[in-house]
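S.K.: According to UniProt numbering, the sequence shown is numbered sequentially starting from 1. Even for Gly, the Cβ is constructed at its ideal location relative to N, Cα and C. Pasting in a structure now, in structure tokens, and then I'll have a few things to ask.
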Amino acid sequence: MTPLKYLSAYPLQLQDQVRRLIADERLGEYLAKRYPERHAVQSDKALYAYVMELKQQYLRNAPGIDKVLYDSKLDVVRKALGLHTAVSRVQGGKLKAKKEIRVAALFRDAAPQFLQMIVVHELAHLREFDHNKAFYQLCEHMLPGYHQLEFDLRVYLTWRELGANQPV
1 MTPLKYLSAY PLQLQDQVRR LIADERLGEY LAKRYPERHA VQSDKALYAY VMELKQQYLR
61 NAPGIDKVLY DSKLDVVRKA LGLHTAVSRV QGGKLKAKKE IRVAALFRDA APQFLQMIVV
121 HELAHLREFD HNKAFYQLCE HMLPGYHQLE FDLRVYLTWR ELGANQPV
């Protein structure tokens with residue numbers, strides 16, 4: 001039985017369905033059918049505007065974001081797909097914190113739904129720091145169907161790790 005590291009927390013029945021798609025070499029086809037489009041958010045500037053639009057729509061009162069960018073080292077170095085940080089600096093006698101959101105560069109070429117899911121996830125951390133029930137309720141509020149998208153993203157990462165050479 002092939003271990004599916006991105007799907008290990010899901011029921012065995014779902015894992016077996018993904019294994020069957022892998023065995024039949026139909027996983028890429030499944031993903032291409034569900035997510036045929038690519039988004040146009042290619043630059044850090046466009047990503048910042050995209051994030052700020054979602055923040056304004058759902059989290060007006062949340063702390064501001066100073067920097068948003070694609071990070072090419074993120075998924076390799078930190079084993080993360082998105083990251084929110086508060087960088088603290090001493091300026092004179094004051095301590096200033098700048099909030100950043102970094103999105104793994106692999107999402108430049110992903111489906112728009114996957115980019116939106118990652119951004120919603122990182123924005124939710126502005127209100128809820130832990131992955132608790134309130135966190136996932138906020139994600140679901142900002143992006144209905146969040147849980148299905150998270151599962152499909154994990155399927156996409158599995159497909160990508162298998163070294164699939166066809167576009168999705």
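1) Spatial neighbours of residue 30 within its chain, please: CB distance less than 6 Å, with the 5 preceding and 5 following residues excluded, ordered by chain position.
2) In the DSSP output, what is residue 71 paired with across the bridge?
3) Restricting to Cα atoms, I'd like to know which of 46, 68, 63 and 107 is closest to residue 37.
4) Whole beta strand (DSSP E) runs in the UniProt domain "YgjP-like metallopeptidase" (93-153) with 3 or more residues, listed along the chain?
5) Quick test of the definition: if touching needs 3 or more C-beta pairs under 8 Å, does the region 48-59 touch the region 103-122?
6) Measure the alpha-carbon distance for residue 41 versus residue 47 and round it to whole angstroms.
7) Kindly indicate the opening and closing residues of the alpha helix (DSSP H) around residue 25.
8) Among 28, 146, 23 and 98, whose alpha-carbon lies nearest the alpha-carbon of residue 115?
9) How is the alpha helix (DSSP H) around residue 9 delimited, first residue to last?
10) When DSSP labels each residue in this structure, what does residue 76 get in the three-state scheme?
11) According to DSSP, simplified to helix, strand and coil, what is residue 90?
M.R.: Reading from the atomic positions:
1) Within the same chain, residue 30 has close Cβ partners 21.
2) 104
3) 107
4) 94-104
5) yes
6) The alpha-carbon atoms of residue 41 and residue 47 are separated by roughly 6 Å.
7) Premise fails: residue 25 is in no alpha helix (DSSP H) and is neither H nor E.
8) 146
9) No alpha helix (DSSP H) contains residue 9, which DSSP labels as neither H nor E.
10) In this predicted model, residue 76 has a pLDDT of only 47, less than 50, meaning its place in the structure is not dependable enough to derive any value.
11) strand
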